[in-house]
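Below is one structure, written out as structure tokens; the observations come after it.
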Amino acid sequence: MSSDDEECFYDYEEEEEEEEEPGWDDGGGGDTMLVEEEAALPERPVDCWVSKAIPTILTSLKNPIHADVMHKNIHRPLQKSLFRLHSLQLVLQQLVLVTNYIVFLDMLDLPALYVCTQQQDLSMVMNLLYIKQHQARALLIHHRWKMESILDHFDRKGRDRMLRETGVVIQQQAEEKNGGGMAMAASPSPPPRPRSSVTCYVCFEDVSSDAVSTMDCGHCFCNDCWTEHFFACVNGGQKQIRCMAVGCAAVCDEDVAQRLLGGRYPGAARRLRGALLASYVEDNAAARWCPSAPHCGRAVRVDGGGGRWCCEVSCPCGASFCFGCAAPAHSPCPCAMWERWEAKCRGESMNVDWILANTKSCPKCSKPIEKNGGCNHVRCKCGQCLCWLCGAATGLAHNWTSIDGHSCNRYDDAAEKRKVDGARRKVLRYAHYYERYKAHGDSRRAEAEKLGPAIEARARRLREDPDPATAPASGDAAEALAAAHRALLASRDVLSRSYAFAYHMFGGEERTLKAAAPESEVATAQALFEDHQEMAERHVEKLSGLLAADAPPAPATAGDAALRRAKQDAVALTAVVEKHCGEMHKCIQDELLPMLVEPMSIAAYRRDGPIKAKDFPTCGGAS
9 MSSDDEECFY
19 DYEEEEEEEE
29 EPGWDDGGGG
39 DTMLVEEEAA
49 LPERPVDCWV
59 SKAIPTILTS
69 LKNPIHADVM
79 HKNIHRPLQK
89 SLFRLHSLQL
99 VLQQLVLVTN
109 YIVFLDMLDL
119 PALYVCTQQQ
129 DLSMVMNLLY
139 IKQHQARALL
149 IHHRWKMESI
159 LDHFDRKGRD
169 RMLRETGVVI
179 QQQAEEKNGG
189 GMAMAASPSP
199 PPRPRSSVTC
209 YVCFEDVSSD
219 AVSTMDCGHC
229 FCNDCWTEHF
239 FACVNGGQKQ
249 IRCMAVGCAA
259 VCDEDVAQRL
269 LGGRYPGAAR
279 RLRGALLASY
289 VEDNAAARWC
299 PSAPHCGRAV
309 RVDGGGGRWC
319 CEVSCPCGAS
329 FCFGCAAPAH
339 SPCPCAMWER
349 WEAKCRGESM
359 NVDWILANTK
369 SCPKCSKPIE
379 KNGGCNHVRC
389 KCGQCLCWLC
399 GAATGLAHNW
409 TSIDGHSCNR
419 YDDAAEKRKV
429 DGARRKVLRY
439 AHYYERYKAH
449 GDSRRAEAEK
459 LGPAIEARAR
469 RLREDPDPAT
479 APASGDAAEA
489 LAAAHRALLA
499 SRDVLSRSYA
509 FAYHMFGGEE
519 RTLKAAAPES
529 EVATAQALFE
539 DHQEMAERHV
549 EKLSGLLAAD
559 APPAPATAGD
569 AALRRAKQDA
579 VALTAVVEKH
589 CGEMHKCIQD
599 ELLPMLVEPM
609 SIAAYRRDGP
619 IKAKDFPTCG
629 GAS
């Protein structure tokens, strides 16, 4: 035994064991991936066994492992060693983290990408718990395809209870064969010799024993009844079909369902197969379809995060969206606030524009008034008279040329600063935030559509500078220009959405703050947020002006000093803009969101915008 072996301690009861040939037994199947003839796995705790096992397991993930081979070569050595769950969890975490942090699954190439990715997760659970594929799928769907949740329940409840709560039933014969240990559901003992005919207790017909099917739970019905049951469930949108026996919640074998449906209802069999594949995205807490319209056919998966998927991603098709709610990227506005803001904008933006342009608020009852004649002296339904030009209350006596006792031709600064209460104040408050939200959005579109091509052309000229003396400086200036333009677009997005957040956070109609939040702390946090917002706006406009100007000039007329100065200006302004946008994000996350009654969070600030999804490895190239 090597020094490494001597450092691993384990405690187990000695048992009488069969003498076995050293090495891996392929079970006579000849078609397994887990074969290594030279040396057997060491009998040691799991964490010591990992270094040799992981490469072999990673290879085996591409193909399911035969049950007998898995039991003989892995489960028996593990049962003899001290079974430490936390060590096994480390193994699986390392296996899961082999993939990229953010990947996309291309539904246009299902065999190469989608099926492979799903099969890897299924194989992990099948090999860990020694269960069939449909049982592993039921367990993963129940836990939303989260391995950490399965490991946690396995640790707290044990294997049998965890499977029972999921509706996964292990055949009793397999339990008895293992002496109460790990059930060999994948290769049960041969059933007793069937009778020539069996009574189906659904249709109460006597059918041949060859025309019945038995599920893992032991319930046996005729194939016709099973087929109609499967067909009805598939038409109802179910992908996890349960046993049709009364009071039984066991998950049916998907292979049996596919076989029976394929003979009578091939269309339903295809729909079931597609639903089982799609469950990897639809029931997976770490995966989501790209919300692009028309749909690009891709899904995005995020690895890591502990179940709190608060991030923004960009699909290869170009669509950027929030992973939490599938809406367009909206940080630093939380998902719940953004949903309410979009609903308000859809329902009120046009109404608000019309109200502001065509109505005045009554100085008495605050209701909006529309003028239906040419006279600028109007009367509200409540009886109050007012001047249409300035909205101030007036008396009743007037003529067609003047209003008695009223003059508003002179600009009165004090009158303009008066506070307007009631409905008009709410409208004006919404208009304040909406106008700024829309203005930054419009600026962002203009800077992307008009300024973007100009920046690209200017950067291209700088990169193609033929002068060897200024070529290095020109290349650096080109990269600075491109980075500054990306930062400008990202900061416009941040500023635009920050007004949606501010509308709901400060002075809204509904009570969103905790009762224990002191008003002084709220006011201080609001002032800090608005300071960062103001500074970000100021420097964003400067950066926009710098990029829109004719600087740096073309390489033919540019000197090294001019290029260096232009690069320094762009880099400095970009850093300041990114700093204030990041500080505004930090203020929202750390100071303001904890004051809300409803728990909320936002995606972390990224200077380059949403995370770019990477190509997902195919089965042929998975590592």
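Position one of the sequence shown corresponds to residue 9 (the working numbering), numbered consecutively onward. Glycine is no exception: its CB is placed at the ideal position from the N, C-alpha and C atoms. All values derive from a computational prediction rather than experimental measurement.
For a test of the three-state rule: what should DSSP assign to residue i, helix, strand or coil?
i      : result
Lys154 : coil
His385 : strand
Glu6   : What the structure shows of the chain is the stretch from 9 to 631, and residue 6 is not part of that stretch, so it cannot be assessed.
Cys124 : helix
Ala240 : helix
Ala307 : strand
Pro299 : coil
Ser499 : helix
Ala492 : helix
Pro324 : coil
Thr207 : strand
Ile249 : coil
Trp162 : For the sequence presented, residue 162 should be read as Phe rather than Trp. In this structure, Phe162 counts as helix in the three-state DSSP scheme.
Ala8   : Any question about residue 8 goes unanswered here, given that the chain covers just 9 to 631.
Leu96  : Its pLDDT being 38, under 50, Leu96 is placed unreliably by the model, and nothing is read from it.
Ile149 : helix
Phe229 : strand
Ser221 : strand
Thr520 : coil
Ala344 : helix
Ile178 : coil
Ala508 : helix
Ala265 : helix
Ala401 : strand
Lys575 : helix
Val585 : helix
Ile619 : strand
Counting C-beta neighbours from all protein chains within 10 Å, is the total for residue i 16 or more, i.e. buried, or is it exposed?
i      : result
Pro274 : exposed
Gln576 : exposed
Gln246 : exposed
Thr532 : exposed
Ala327 : buried
Leu113 : With a pLDDT of only 40 at Leu113, under the threshold of 50, the placement of this residue in the model should not be trusted, and no figure is reported.
Cys304 : buried
Val54  : Confidence in Val54 is poor, its pLDDT being 20 and thus under 50, which makes the residue's placement unreliable; the coordinate value appears in the next sentence. Buried: at least 16 other Cβ atoms inside 10 Å.
Ala611 : buried
Glu457 : exposed
Leu397 : exposed
Phe331 : buried
Cys390 : exposed
Leu601 : buried
His440 : exposed
Lys368 : buried
Near residue i, what residues of its chain come up, given a Cβ to Cβ distance below 6 Å and the 5 sequence neighbours on each side ignored?
i      : result
Ala498 : Gly617
Gln87  : Residue placement at Gln87 cannot be trusted, given a pLDDT of 37 that sits under 50; what the coordinates show is reported in the next sentence. Taken in chain order, the list of residues that qualify is empty.
Ile158 : His151
Phe537 : Cys595
Asp263 : none
Cys333 : Cys343
Phe229 : Cys208 and Val210
Val502 : Cys589
I need the boundaries of the beta strand (DSSP E) containing residue i, first residue and last residue.
i      : result
Ser369 : Thr367 to Ser369
Ser216 : Asp214 to Ser216
Pro376 : Pro376 to Glu378
Cys333 : No beta strand (DSSP E) holds Cys333; DSSP gives it neither H nor E.
Ser609 : Ser609 -> no beta strand (DSSP E), and no H or E assigned at all.
Leu394 : Cys393 to Cys395
Check for me: the alpha helix (DSSP H) holding residue i runs from which residue to which?
i      : result
Thr532 : Glu527 to Ala556
Ser287 : Pro274 to Glu290
Leu171 : Arg167 to Thr174
Which same chain residues end up closer than 8 Å to residue i when comparing Cβ atoms and leaving out the 5 residues on each side of it in sequence?
i      : result
Lys550 : Leu581
Trp153 : Asp129, Tyr288, Asp291, Asn292, Ala293, Ala294 and Ala295
In chain order, what residues of the same chain lie with their CB nearer than 7 Å to the CB of residue i, ignoring the 5 residues before and after it?
i      : result
Cys323 : Phe112, Cys298, Ser300, Cys304, Arg306, Val308 and Ala621
Arg281 : Gln266
Cys241 : Ile249
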